[in-house]
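S.K.: Below is a structure I'd like to ask you about.
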Amino acid sequence: MKLSRPARRATLVVHVIAAAGWLGLTLGLLALASAAITTESASVTEAAARSMKLFADWLVLPLALLTLLSGLLLSLGTPWGLARHRWVYTKFWLTLATTAASAFALRPGINDTVAAVSAGESVTDPTGLIAGPIVSLSAYLFMMVISVLKPWGLTRRGQKRRGQIHRASPHKPVDAKVMRRTA
Numbered sequence: 509m510k511l512s513r514p515a516r517r518a519t520l521v522v523h524v525i526a527a528a529g530w531l532g533l534t535l536g537l538l539a540l541a542s543a544a545i546t547t548e549s550a551s552v553t554e555a556a557a558r559s560m561k562l563f564a565d566w567l568v569l570p571l572a573l574l575t576l577l578s579g580l581l582l583s584l585g586t587p588w589g590l591a592r593h594r595w596v597y598t599k600f601w602l603t604l605a606t607t608a609a610s611a612f613a614l615r616p617g618i619n620d621t622v623a624a625v626s627a628g629e630s631v632t633d634p635t636g637l638i639a640g641p642i643v644s645l646s647a648y649l650f651m652m653v654i655s656v657l658k659p660w661g662l663t664r665r666g667q668k669r670r671g672q673i674h675r676a677s678p679h680k681p682v683d684a685k686v687m688r689r690t691a
């Protein structure tokens with residue numbers, strides 16, 4: 509399946525906006541978690557935890573899923589492929605892992621903190637509140653870097669496919685050292 513140029517460009521725009529939104533949201537969660545665990549004020553802690561809950565409940569999963577689905581569509585609909593290049597493969601699995609961690613670790617952790625703070629308890633274990641945003645932010649920054657640098661080359665599947673394409677090509681191979689006009 510190949511996406512047309514307008515479809516590919518629209519999907520790329522959606523992917524970049526969703527990923528940037530997810531990154532920004534994670535920075536906001538990190539700032540709120542920092543405020544919640546460093547303040548002496550119970551009301552500030554409660555407000556920060558409730559804000560984190562609002563973001564986690566309404567924004568994190570939709571942005572995560574939109575990033576995952578648009579990235580999957582881009583990888584399957586463009587020559588990059590899902591399993592041809594190591595950087596694409598790595599991004600896919602990291603996005604899948606961070607989406608799952610957001611759903612099954614970040615949101616429940618924030619909900620537990622909000623329940624405790626609402627009951628008048630203080631935040632006794634700050635690592636539970638701040639660890640998720642730190643790990644997520646690290647993963648997103650890593651994925652951004654590999655999106656720009658595109659390191660590591662082809663996977664075995666990509667090398668095998670490239671070999672098949674080159675063998676099936678009706679054109680003569682070109683030696684880059686001796687390129688000259690013949691006509």
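Take any residue in the sequence shown, note its place counting from 1, add 508, and you have its number in the numbering used here. Heads up, the beta-carbon is just placed ideally off N, CA and C, and yes, glycines get one too. Treat the numbers as computed from the prediction; the structure is a model and nothing was measured.
1) To the nearest angstrom, report how far apart residue 547 and residue 541 are at their CA atoms.
2) I need the boundaries of the alpha helix (DSSP H) containing residue 661, first residue and last residue.
3) Pull up the distance between the alpha-carbon of residue 510 and that of residue 587, whole angstroms please.
4) Check this for me: beta carbons of residue 625 and residue 557, under 8 Å apart or not?
5) Distance check for residue 533 and residue 574, CA to CA, integer angstroms please.
6) Would residue 610 be called buried (16 or more neighbouring beta carbons within 10 Å of its own) or exposed?
7) So, for residue 604: in the same chain, excluding its five sequence neighbours on each side, which residues have a beta-carbon less than 8 Å away from its beta-carbon?
8) Can you say whether residue 599 is buried or exposed, counting buried as having 16 or more other CB atoms within 10 angstroms of its CB?
9) Note down, in chain order, each residue of its chain lying with its Cβ closer than 6 Å to the Cβ of residue 594, except the 5 sequence neighbours on either side.
10) Taking C-beta to C-beta, are residue 647 and residue 590 nearer than 8 Å?
11) Just tell me which of 627, 665, 667 and 651 has its CA closest to the CA of residue 554.
12) What does a CB cutoff of less than 8 Å around residue 584 pick up in its chain, not counting 5 residues either side in sequence?
13) Using the C-alpha atoms, what's the distance from residue 536 back to residue 622?
14) Use the C-beta contact count for residue 637: other C-beta atoms within 10 angstroms, 16 or more gives buried, fewer gives exposed.
15) If distances are taken between C-alpha atoms only, which option among 657, 517 and 615 comes closest to residue 570?
16) Under 7 Å Cβ to Cβ from residue 545, same chain only, skipping five residues before and after it: list those, please.
M.R.: Reading off the structure:
1) 10 Å
2) Per DSSP, residue 661 belongs to no alpha helix (DSSP H) and is neither H nor E.
3) Straight-line Cα distance between these residues: approximately 8 Å.
4) yes
5) 14 Å
6) buried
7) 576
8) buried
9) 660 and 663
10) no
11) 627
12) 509 and 590
13) The alpha-carbon separation between residue 622 and residue 536 amounts to approximately 17 Å.
14) buried
15) 615
16) 631, 634, 637 and 638
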